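Asks:
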Amino acid sequence: MLGDALFVIPERDCERVNKVDTSRKIVHIDMDAFFASVEQRDNPEYCGLPLVVGGNCARGVVAAASYEARQFGIRSAMAMQKALAKCPSLVVLPPRMETYKAVSLQIREIFQEYTDLVELLSLDEAFLDVTHNKKAIPSASWVAQQIRATIHERTGLTASAGVSFNKFLAKVASGMNKPNGFTLISPEQAPDFIAVLPIEKFFGVGKATADKMHRMGIATGADLLRYSLEELESAFGKAGRTYFHIARNNDLRPVNPDRERHSVGTEDTFEQDVRDRREISNRMAAIAHEVVRRMERSQFVGRTLTLKVKFADFRQITRSRTMDYPIREVDDIVAIAQQMFAGVTIPPKGVRLVGMTVSNVCRPGWTGWRQPMLPFFSECEPWTNT
Ligand code: DCP
Ligand code: MG
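The working numbering numbers the first residue of the sequence shown as 158 and each following residue consecutively.
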């Protein structure tokens, strides 16, 4: 499964596990079918129709699918050919990034009217800490509902919101009643909520980890509670610590408004450990595709590629290479990763996970960039890494 790199609960937060902090009020907002909804708004003839935004070429993928398209089983990141096979009458539109960015700016402005503690996760998603909000509204639910109403008023689009006392719960909550939904998970409800939450919904649990958990008899948060920290760490490495604490609603990560993207990456935990070097190389191409897609989505360009390889026994190595040009093409990433991977000895039990991250950001104004820009970036300023 391709997924986000797992966040690791810091050691210092662990001793506070018996005193779960429920004092904060965290809101997670996520626009519904974002790119697709903007297109339906601007092309009313497509309202109510299955529509996707993405590349309509042989190797194109779906970026966003309207909720009507989802009824045909169409999802983000699906190959466009497959989506068209599922729904031949599908409306396919190319992305209009400038328009999506303008809407993103509008919703940010709305968030800022309530708090400066806004952490943007992508164009359409943010965490807000509204414990002490600018309008002195005592109820976080009220804040969230006002924000949703204002977004609709000013942009004509709908957003879903989740409210709770930590980031993990707020984010799970916002996904529960999509589209145009609202969910509150109060401190009183949280233990029961997490007890029945399927482990697939836990942060960082992909298919391979879920399968392993099921083999250990872990299907829900309640099952996780039966395992000690040591047992989970020995089964899942550092991720085990995160699962241990999340199952106890212990997520003290602050809403970090100054978060600047330092890297973009993804990783693939194989369903079965892989020993064949060629197969691993093939998987790398898919990972590189995803990294480039994420870089485009977050307008990130960097010069350093880091390859992470985790072996079947959870041992992990990383290799990095810094180029004198911005890394932004799939073929380039694959070539650099394969050069680094050539020097890695694959142990007999094989490889469990491969991850790739691009870092060393190139910022606007960098004069070192001499290559022609990709069409995707052609409307942007040049970038620098100073
Ligand atoms: N996006 C993308 N490629 C993906 C996922 C998303 O380009 N694999 C883009 C298009 C989405 C936008 O980012 O519209 C926001 O992503 P979300 O994951 O929030 O998905 P949506 O907003 O489309 O749908 P949802 O209603 O599930 O949030
Ligand atoms: Mg969304």
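Cβ atoms here follow ideal geometry from the backbone N, Cα and C, with glycine treated the same way.
Only a predicted model underlies this, so the values are computations on that prediction, with no experimental measurement involved.
1) For Val287 versus Val184, is the C-beta distance shorter than 8 Å?
2) Only counting the same chain, and skipping five residues up and downstream in sequence, which positions put a Cβ closer than 7 Å to that of Ser455?
3) In chain order, which alpha helix (DSSP H) runs of at least 4 residues are fully inside the segment 330-379?
4) To the nearest angstrom, report how far apart Ile231 and Gly212 are at their CA atoms.
5) Please report the residue range of the alpha helix (DSSP H) in which Lys239 lies.
6) How would you write the range of the beta strand (DSSP E) that Tyr185 sits in, first residue to last?
7) For Gln528, does the three-state DSSP call read helix, strand or coil?
8) Entirely within the segment 425-507 and at least 3 residues each: give me those beta strand (DSSP E) ranges in chain order.
9) Are the segment 218-235 and the segment 191-204 in contact at 8 Å, needing three or more beta carbon pairs?
10) Are three or more beta carbon pairs between the segment 358-375 and the segment 393-410 nearer than 8 Å?
11) Is it buried or exposed, Arg527, if we count other Cβ atoms within 10 angstroms and call 16 or more buried?
12) On the three-pair Cβ rule with 8 Å, is the segment 375-384 touching the segment 335-353?
13) Which partner residues of Phe192 appear in the DSSP bridge assignment?
14) Near the ligand MG, which residues have their beta-carbon less than 5 Å from any of its heavy atoms, given in chain order?
15) With a threshold of 16 other CB atoms inside 10 Å of the CB of Cys204, please say whether the residue is buried or exposed.
16) Is it right to say Ala494 is buried, meaning 16 or more other beta carbons lie within 10 angstroms of its own, or is it exposed?
17) Let me know the secondary structure DSSP gives Phe284 once reduced to three states.
18) If I'm right that Ala151 touches Ile304 with Cβ under 8 Å, what's the distance once you round it to whole angstroms?
19) Got a sec: does the ligand DCP put a non-hydrogen atom nearer than 7 Å to the Cβ of Pro251?
20) Consult DSSP for Glu270 and reduce its assignment to one of helix, strand or coil.
21) Identify every residue that forms a DSSP beta bridge with Val320.
22) Once you ignore the five residues that flank Arg431 on each side, which residues in its own chain have a CB closer than 6 Å to its CB?
23) Taking 7 Å as the cut-off, is the beta-carbon of Lys328 closer than that to any non-hydrogen atom of the ligand DCP?
24) What residue range is occupied by the uninterrupted beta strand (DSSP E) comprising Val219?
25) Please return the same chain residues whose Cβ sits closer than 8 Å to the Cβ of Thr461, not counting the five positions on each side in sequence.
26) Quick one: Cα of Glu536 to Cα of Ile264, how far?
27) What residue range is occupied by the uninterrupted beta strand (DSSP E) comprising Leu277?
28) For Cys244, count the other beta carbons within 10 Å of its own beta carbon; 16 or more makes it buried, fewer makes it exposed. Which is it?
29) Drop a sphere of 10 angstroms on the beta-carbon of Tyr482, count the other beta-carbons inside from all chains shown, and report buried for 16 or more, exposed for fewer.
30) Determine whether the beta carbon atoms of Lys364 and Glu428 lie at a separation below 8 Å.
31) Is any non-hydrogen atom of the ligand DCP found closer than 7 Å to the C-beta of Lys335, if you look at the structure I gave you?
32) Measuring alpha carbon to alpha carbon, tell me which residue in Val449, Val501, Ala499 is nearest Arg513.
33) When we look at the beta-carbon of Val474 and count the other beta-carbons within 10 Å, is it buried (16 or more) or exposed?
34) Out of Glu390, Ser298, Ile267, Val466, which has the shortest C-alpha to C-alpha gap to Ser283?
35) Could you check the C-alpha separation between Tyr400 and Ala392 for me, to the nearest Å?
36) Got a sec? Which residues, its chain only, sit under 6 Å from Ala330 by beta carbon, not counting five neighbours each side?
Replies: Taking the definition as stated:
1) Going by C-beta atoms, Val287 is nearer than 8 Å to Val184.
2) Cβ neighbours of Ser455 beyond the five flanking positions: Ser279, Arg418, Val421.
3) Within the segment 330-379, the complete alpha helix (DSSP H) runs of at least 4 residues are 347-353, 364-372.
4) Spanning the alpha carbons of Ile231 and Gly212 requires a straight line of approximately 14 Å.
5) If you look at Lys239, you'll find it in the alpha helix (DSSP H) that goes 237-243.
6) As written in the sequence, residue 185 is His, which differs from the Tyr given in the question. Here the beta strand (DSSP E) through His185 covers 183-188.
7) Reliability of the predicted coordinates at Gln528 is poor, the pLDDT of 35 falling under 50, and no value is obtained from them.
8) Whole beta strand (DSSP E) segments, 3+ residues: 459-468, 473-484.
9) In this structure the segment 218-235 touches the segment 191-204; the number of beta carbon pairs closer than 8 Å is three or more.
10) Segments in contact, yes.
11) Per-residue confidence for Arg527 stands at a pLDDT of 36, beneath the threshold of 50, marking its modelled position as unreliable; no derived number is given.
12) Three or more beta-carbon pairs separated by less than 8 Å link the segment 375-384 to the segment 335-353, which places the two stretches in contact.
13) None, per the DSSP bridge assignment.
14) What you get when you keep residues with a C-beta closer than 5 Å to any heavy atom of the ligand MG is Asp187, Met188, Phe191, Asp281.
15) Cys204 sits exposed, since fewer than 16 C-beta atoms from the chains shown fall within 10 Å of its C-beta.
16) Within 10 angstroms of the beta-carbon of Ala494 lie 16 or more other beta-carbons, which makes it buried.
17) Three-state DSSP puts Phe284 in a strand.
18) Summary: the structure shown does not reach residue 151, with the chain confined to residues 158 through 543, and so no result is reported for it.
19) No - the ligand DCP has no heavy atom lying nearer than 7 Å to the Cβ of Pro251.
20) The answer is coil: DSSP assigns Glu270 none of H, G, I, E or B.
21) DSSP lists Val184, Leu341 as partners of Val320.
22) Per the sequence shown, the amino acid found at residue 431 is Val instead of Arg. Closer than 6 Å at Cβ, skipping near neighbours: Ile437, Gly507, Val508.
23) Answer for Lys328: no, Cβ out of range of the ligand DCP.
24) 219-222 is the span of the beta strand (DSSP E), which, as asked, contains Val219.
25) For Thr461, where only same-chain residues beyond five positions count, the Cβ hits under 8 Å are Ser477, Arg478, Thr479, Met480, Ile484, Val515, Ser516, Asn517.
26) Low per-residue confidence applies at Glu536: pLDDT is 29, beneath 50, and the placement is therefore not dependable, though the value from the model is reported in the following sentence. Roughly 22 Å between the two C-alpha positions.
27) Following the DSSP letters along the chain, one finds Leu277 inside the beta strand (DSSP E) bounded by residues 275-279.
28) Buried.
29) That one is exposed.
30) Against a cut-off of 8 Å, the Cβ pair of Glu428 and Lys364 comes out as a contact.
31) Yes, since a heavy atom of the ligand DCP falls inside the 7 Å radius drawn around the Cβ of Lys335.
32) Before going further, note that residue 513 is Met rather than Arg in the sequence given. Minimum Cα distance to Met513 is reached at Val449.
33) Correcting the residue identity first, residue 474 is Ile in this sequence and not Val. With fewer than 16 Cβ atoms within 10 Å of its Cβ, Ile474 is classed as exposed.
34) It should be pointed out that residue 283 corresponds to Ala in this sequence rather than to Ser. Ranking Glu390, Ser298, Ile267, Val466 by Cα distance to Ala283 puts Ile267 first.
35) The straight-line gap from Cα to Cα measures roughly 11 Å.
36) Correct list, in chain order: Gly319, Ser321, Thr340, Ile342.
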